[in-house]
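Before any comments, here is the structure.
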Amino acid sequence: MLSVRSNGTAALRRCSQASLYGHRPYSSKVRAFPFVVSRERAAEDLSFWTSMFTGNKMFSAWLRRILPGLNIEALKPSRLQAVYLPTWIIDAEVTANALFKQSAGDTDYKKEIAQALFTVCTMPGYVFPPLSTRNLISPKVQSTEPVPWSEALRKDGADDVLCLPFSVTPLKLIEAARSMSLADATISNSFRFEPSSVEETMIAAYPILLPAYLAQFNIDTIVDGNPANVKLTSFMEASHNEPRIMVEVVDPVAEWINLLGQKVPDIIVRGETSRSLARFGVVRSLLAGSATLNHKRRLERWIDGAGASLTALLSYRERYFGKTEEEAARGVNWEDVRIRPFIAEEREANWKYMAAGEELYFMKQISLAYERRRENARPKTEGVQEESIALSIPEEAEVIQKHIENAQKKREGLKPDWLAQYELQQRLSTDPSRENAAGTGHATAADWTSAADSSRTSHR
Numbered sequence: 001m002l003s004v005r006s007n008g009t010a011a012l013r014r015c016s017q018a019s020l021y022g023h024r025p026y027s028s029k030v031r032a033f034p035f036v037v038s039r040e041r042a043a044e045d046l047s048f049w050t051s052m053f054t055g056n057k058m059f060s061a062w063l064r065r066i067l068p069g070l071n072i073e074a075l076k077p078s079r080l081q082a083v084y085l086p087t088w089i090i091d092a093e094v095t096a097n098a099l100f101k102q103s104a105g106d107t108d109y110k111k112e113i114a115q116a117l118f119t120v121c122t123m124p125g126y127v128f129p130p131l132s133t134r135n136l137i138s139p140k141v142q143s144t145e146p147v148p149w150s151e152a153l154r155k156d157g158a159d160d161v162l163c164l165p166f167s168v169t170p171l172k173l174i175e176a177a178r179s180m181s182l183a184d185a186t187i188s189n190s191f192r193f194e195p196s197s198v199e200e201t202m203i204a205a206y207p208i209l210l211p212a213y214l215a216q217f218n219i220d221t222i223v224d225g226n227p228a229n230v231k232l233t234s235f236m237e238a239s240h241n242e243p244r245i246m247v248e249v250v251d252p253v254a255e256w257i258n259l260l261g262q263k264v265p266d267i268i269v270r271g272e273t274s275r276s277l278a279r280f281g282v283v284r285s286l287l288a289g290s291a292t293l294n295h296k297r298r299l300e301r302w303i304d305g306a307g308a309s310l311t312a313l314l315s316y317r318e319r320y321f322g323k324t325e326e327e328a329a330r331g332v333n334w335e336d337v338r339i340r341p342f343i344a345e346e347r348e349a350n351w352k353y354m355a356a357g358e359e360l361y362f363m364k365q366i367s368l369a370y371e372r373r374r375e376n377a378r379p380k381t382e383g384v385q386e387e388s389i390a391l392s393i394p395e396e397a398e399v400i401q402k403h404i405e406n407a408q409k410k411r412e413g414l415k416p417d418w419l420a421q422y423e424l425q426q427r428l429s430t431d432p433s434r435e436n437a438a439g440t441g442h443a444t445a446a447d448w449t450s451a452a453d454s455s456r457t458s459h460r
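Here the sequence shown is numbered in the UniProt record's numbering, starting from 1 and rising by one per residue.
Dropping the structure here:
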């Protein structure tokens, strides 16, 4: 096998051969998408497409597909495993000092405070590349409401479901970003950020479980020019009726792809919306005076590149959670209030709060435009000023300031309770003298207000 693909292949096999991790219970915050695809359909479809993508017993596979009543012998999996893949969906609001160039040819950057809003970003909760280098949340299930986790979901009919533990969370991403090198913080030739300036305003992390099937096949193929029988793993989504199927690339297929002058992938994907597998970052808005739609798209691609990396997630896990999946799973803090259940009411409340932040930003931009207008209206020669501008400026300033105050009140009124609680916790952690005021977890109104005010100030 090609060395570039062998690391991902080995990890995929380890995932399919993993133990049940001692039936480690999931948090009550976890939601699961039920199995929609039956085990029988998974076996048939995985066998057929594995034959097609490897060239192994293709004719038999076609005959079995066209004439199912004849019960023709074709490729069959040596093992078929139902699995729940732990995954995070993320909504976040982040600020940082961003540096922009008007064009890539400019020598000087313009430094601004930028605010980035992310919605429905994804991050695997496990480290088994190549599966964990793909966004396996199909667009077809994003509008589906998952169910609360229960122990009954450990069974797929009479068969056990392999329930992988959450071994990473997104809650250390800000810390990781702050420790980046300047080179790693370069989004493009005309856009970068200062790592030490990155701050979170809000991160809501929703843990979900994605159902899938992993199948192992014994394939007759060619390895290094010699006939060989190898084990190959294929993967199939199970959360909706039009699932994507992924099959490892064998050497003869890789050589054929090379002849076409194409990059050899580690897996071949069959199914609609296959391009979404490479998309991890969804930037709702990038708010800065110099930010353009192009900067927003480049930020999304930068995030996608990190998500597709074979080493980034593993390094992240080992640094913040543990060297092994089991050790890292024990390091996940499920008591963190930023871990939220994936339910419509929760997400909509968080989105409304973020939208209010956008509104407040635009009002402040109007205020800045007014300030520039006022500067331009100042007389270059004493006594020379356009009378209409001079008369309108005080009135405009009052109106704009009133709008800003209203936007701030609206934003504060929409703040989710969990976020106010988290801000208070952060406030108390940096000011231990106020710990007694919080008592056994019940804070005074002054504490909540102080924490909220402190948070707003720190992100201006």
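No residue lacks a Cβ here, since even glycine has one placed at the ideal position from N, Cα and C.
A quick note: this is a predicted structure, and the numbers were derived from the prediction, not measured.
Endpoints, the beta strand (DSSP E) within which T186 is located | Walking along the sequence shown from the start, residue 186 turns up at place 186. Segment T186 to S188, the beta strand (DSSP E) holding T186.
Distance between M58 and S51 (C-alpha atoms, nearest Å) = The residue you call residue 51 lines up with position 51 of the sequence shown. The residue you call residue 58 lines up with position 58 of the sequence shown. The alpha-carbon atoms of S51 and M58 are separated by roughly 5 Å.
Cβ atoms of A204 and D91: under 8 Å apart, would you say?
-> For this step, residue 91 is matched to residue 91 along the sequence shown. For this step, residue 204 is matched to residue 204 along the sequence shown. Cβ distance < 8 Å, so D91 and A204 count as in contact.
To the nearest angstrom, report how far apart E98 and L277 are at their CA atoms.
-> Along the sequence shown, read from residue 1 onward, the residue named residue 98 stands at position 98. Along the sequence shown, read from residue 1 onward, the residue named residue 277 stands at position 277. Inspection of the sequence shows that residue 98 is occupied by Ala rather than by Glu. One C-alpha to the other measures close to 28 Å.
Using DSSP with H/G/I as helix, E/B as strand and the rest coil, what is P77?
-> As a working mapping, residue 77 is identified with position 77 in the sequence shown. Three-state DSSP puts P77 in coil, outside helix and strand.
Assuming P243 and L164 make a contact with CB atoms under 8 Å, what is their CB distance in whole Å?
-> Here the question's residue 243 lines up with position 243 in the sequence shown. Here the question's residue 164 lines up with position 164 in the sequence shown. With a Cβ gap of about 19 Å, P243 and L164 do not count as contacting.
Do T133 and I89 come within 8 Å of each other at the CB atom, strictly closer than that value?
-> The residue you call residue 89 lines up with position 89 of the sequence shown. The residue you call residue 133 lines up with position 133 of the sequence shown. Using a Cβ distance threshold of 8 Å, I89 and T133 do not count as a contacting pair.
Determine the contact status of P211 and A238, defining contact as a CB-CB distance below 8 Å.
-> For the purposes of this step, residue 211 is taken as the residue at position 211 of the sequence shown. For the purposes of this step, residue 238 is taken as the residue at position 238 of the sequence shown. The answer is yes: Cβ separation under 8 Å.
Considering only C-alpha positions, which residue in the set L286, T107 and L173 is nearest to E359?
-> The residue given as residue 359 occupies position 359 in the sequence shown. Nearest of L286, T107 and L173 to E359, Cα basis: L286.
In the DSSP assignment, what are the bridge partners of T95?
-> Translated into positions along the sequence shown, residue 95 becomes position 95. Residue pairing of T95 in beta bridges, as defined by DSSP: Q115 and E199.
For A96, the nearest candidate out of L299, E200, E151 and F235 (CA to CA) = Here the question's residue 96 lines up with position 96 in the sequence shown. The candidate whose alpha carbon is nearest that of A96 is E200.
Three-state secondary structure (DSSP) of I268 = Sequence index remark: in the sequence shown, residue 268 carries index 268 (1-based). In the structure shown, I268 sits in a strand (DSSP, three-state: E or B).
Between the Cα of K296 and the Cα atoms of F118, I72 and V83, which residue gives the shortest distance?
-> Against the sequence shown, residue 296 aligns to sequence position 296. Nearest to K296 by C-alpha distance, out of F118, I72 and V83, is F118.
Under the assumption that T221 contacts N56 (Cβ atoms under 8 Å), give the Cβ distance between them as a whole number of angstroms.
-> Translated into positions along the sequence shown, residue 221 becomes position 221. Translated into positions along the sequence shown, residue 56 becomes position 56. The C-beta distance from T221 to N56 rounds to 7 Å, short enough to fall under 8 Å.
Apply the 10 Å Cβ neighbour rule to W256 and answer buried if 16 or more other Cβ atoms are within range, or exposed otherwise.
-> Mapped onto the sequence shown, residue 256 falls at position 256. Flag for W256 reads exposed.
Those runs of the beta strand (DSSP E) which lie wholly inside the stretch 215 to 279 and span at least 3 residues = Listed in chain order, the complete beta strand (DSSP E) runs (minimum 3 residues) inside the stretch 215 to 279 are 226 to 237, 245 to 248 and 267 to 270.
Taking buried to mean at least 16 other C-beta atoms within 10 Å of its own C-beta, is G225 buried or exposed?
-> Counting from one through the sequence shown, the residue named residue 225 turns up at place 225. G225 should be labelled exposed.
S60 versus G305: straight-line alpha-carbon distance, rounded | For the purposes of this step, residue 60 is taken as residue 60 along the sequence shown, with counting starting at 1. For the purposes of this step, residue 305 is taken as residue 305 along the sequence shown, with counting starting at 1. Between the C-alpha atoms of S60 and G305 there is a straight-line separation of about 39 Å.
Reduced DSSP secondary structure (H/G/I, E/B, other) of K323 = In the sequence shown, residue 323 corresponds to position 323, counting from 1. Here K323 sits in coil by DSSP.
Inter-residue spacing [alpha-carbon to alpha-carbon] between V94 and Q115 = Stepping through the sequence shown from its first residue, residue 94 is reached at position 94. Stepping through the sequence shown from its first residue, residue 115 is reached at position 115. Straight-line Cα distance between these residues: approximately 6 Å.
Would you say the stretch 166 to 173 touches the stretch 72 to 80, given that touching needs at least three Cβ pairs under 8 Å?
-> No, because fewer than three Cβ pairs between the stretch 166 to 173 and the stretch 72 to 80 fall closer than 8 Å, the two stretches do not touch.
Contiguous alpha helix (DSSP H) assignments of at least 4 residues, all confined to the stretch 340 to 380 = As for any alpha helix (DSSP H) of minimum length 4 sitting wholly inside the stretch 340 to 380, the runs are 344 to 377, ordered along the chain.
Own chain partners of I267 with C-beta closer than 7 Å, once the 5 adjacent residues on each side are dropped | Start at 1 with the first residue of the sequence shown, and residue 267 comes out as number 267. So the qualifying residues of the chain are P130, M246, V247, E248 and V249.
Residue ranges of each beta strand (DSSP E) run of no fewer than 3 residues wholly in the stretch 152 to 185, ordered along the chain?
-> Listed in chain order, they are 159 to 163.
What's the gap between the Cα of V127 and the Cα of I366?
-> Taking the sequence shown and counting its residues from 1, the one referred to as residue 127 is at position 127. Taking the sequence shown and counting its residues from 1, the one referred to as residue 366 is at position 366. Those two C-alpha atoms are separated by around 45 Å.
Which of the three DSSP states, helix, strand or coil, is assigned to I389?
-> One-based indexing of the sequence shown puts residue 389 at position 389. Summary for I389: the model assigns pLDDT 48, below 50, so the residue's position carries little reliability, and this model does not support an answer.
Quick one, which of I187, F35, K410 and N241 has its alpha-carbon nearest A356's?
-> Looking up residue 356 in the sequence shown gives position 356. Ranking I187, F35, K410 and N241 by Cα distance to A356 puts K410 first.
Assign W302 to buried or exposed, taking buried as 16 or more other Cβ atoms, counted over all protein chains shown, within 10 Å of its Cβ.
-> The residue you call residue 302 lines up with position 302 of the sequence shown. Buried, by the Cβ-count rule.
Alpha helix (DSSP H) segment containing R192, residue limits | By 1-based counting over the sequence shown, the position of residue 192 is 192. Run containing R192: none in the alpha helix (DSSP H); it sits in the beta strand (DSSP E), F191 to F193.
Would you decide whether W334 is buried or exposed? Buried here means 16 or more other CB atoms lie within 10 Å of its CB.
-> Numbered from its first residue, the sequence shown carries residue 334 at position 334. Classification of W334: exposed, given that the 10 Å Cβ count is below 16.
Just tell me which of F191, R31 and F35 has its CA closest to the CA of P148.
-> Your numbering for residue 148 matches position 148 in the sequence shown. Among F191, R31 and F35, the Cα nearest to that of P148 is on R31.
Enumerate in chain order the residues of its own chain whose CB-to-CB distance from E346 is below 6 Å, with the five nearest sequence positions on each side excluded.
-> On the sequence shown, position 346 is the one that residue 346 refers to. Listed in chain order, the non-local C-beta contacts of E346 below 6 Å within the same chain comprise R340, local neighbours out to five positions each way being set aside.
Closer than 6 Å by C-beta to E325: which residues in its own chain qualify, once you throw out the five before and the five after it? Chain order, please.
-> Within the sequence shown, residue 325 is the residue found at index 325, counting from 1. The residues are S167.
By Cβ distance below 8 Å, which residues in the same chain neighbour D106 in space, the five residues on each side in sequence not counted?
-> Counting from 1 along the sequence shown, the entry for residue 106 is found at position 106. Answer for D106: S190, listed in chain order.
N135 and F235: beta carbons closer than 8 Å?
-> For this step, residue 135 is matched to residue 135 along the sequence shown. For this step, residue 235 is matched to residue 235 along the sequence shown. No, the Cβ-Cβ distance between N135 and F235 is not below 8 Å.
Round the Cβ separation of residue 500 and F33 to the nearest angstrom and send it over; I've been treating them as touching at under 8 Å.
-> In this structure the chain extends from 1 to 460, so residue 500 is not present and cannot be described.
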